[in-house]
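Colleague: Residue numbers (this note's numbering): 174 to 329. Ideal placement from N, C-alpha and C gives every residue a C-beta, glycine not left out. All of these numbers come straight from a predicted model, not from anything done at the bench.
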């Protein structure tokens, strides 16, 4: 995936989130039924289109690792490659091995296009084992289709 294949639509910009974006970020995350805890605006990047928040995603820092999370595109802005653009952008911003967890086969297939591959809890850095281990417990107990993935840099 080369970044040049995807660009933002006209009147859209990507930028680090500002403190005043947190309400819009929370609304987007809640609308997607994602984990609303640990939303720190300082870790978010947002895509703003026509003066409104159209997409958001965060890079959370852990010891020796980062997590790509809370990636959401507003309903009105879907199917315009914003999620693709934001995913590629966040991958480029990462400075540590990058992980994510996603729900369902469709999202796992989406992220695999960028070089993410499924990994087990045992393969995670210590700093992520507890956090991701909880979702694996939910996967077992409630049959929730959670996939833990790691970005493979040499994929492209």
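Does DSSP put residue 288 in a helix, a strand or coil?
Modeller: coil
Colleague: Roughly how many angstroms lie between the CA atoms of residue 305 and residue 233, to the nearest whole one?
Modeller: 13 angstroms
Colleague: Which of the three DSSP states, helix, strand or coil, is assigned to residue 205?
Modeller: Coil.
Colleague: On the three-pair Cβ rule with 8 angstroms, is the segment 253-264 touching the segment 296-311?
Modeller: no
Colleague: Just list the residues that DSSP pairs residue 189 with in beta bridges.
Modeller: 218
Colleague: Can you list, in chain order, the residues of its chain with a C-beta nearer than 8 angstroms to that of residue 319? Leave out the 5 residues immediately preceding and following it.
Modeller: Here residue 319 has 274, 275, 276, 308, 309, 311 and 312 as same chain residues with Cβ atoms under 8 angstroms from its own Cβ, once five neighbours each way along the sequence are excluded.
Colleague: What three-state label does DSSP hand residue 200 in the structure shown?
Modeller: helix
Colleague: Applying the criterion that 16 or more other CB atoms from any shown protein chain within 10 Å of the CB defines a buried residue, is residue 203 buried or exposed?
Modeller: exposed
Colleague: Within 10 angstroms of the Cβ of residue 230, are there 16 or more other Cβ atoms? Answer buried if so, exposed if not.
Modeller: buried
Colleague: Who are residue 225's beta bridge partners in DSSP?
Modeller: 222
Colleague: Rounded to whole angstroms, what's the CA-CA distance from residue 191 to residue 245? Just pull it up for me.
Modeller: 17 angstroms
Colleague: What span of residues does the beta strand (DSSP E) with residue 317 cover, start to end?
Modeller: Unbroken run through residue 317: none, as it is neither H nor E.
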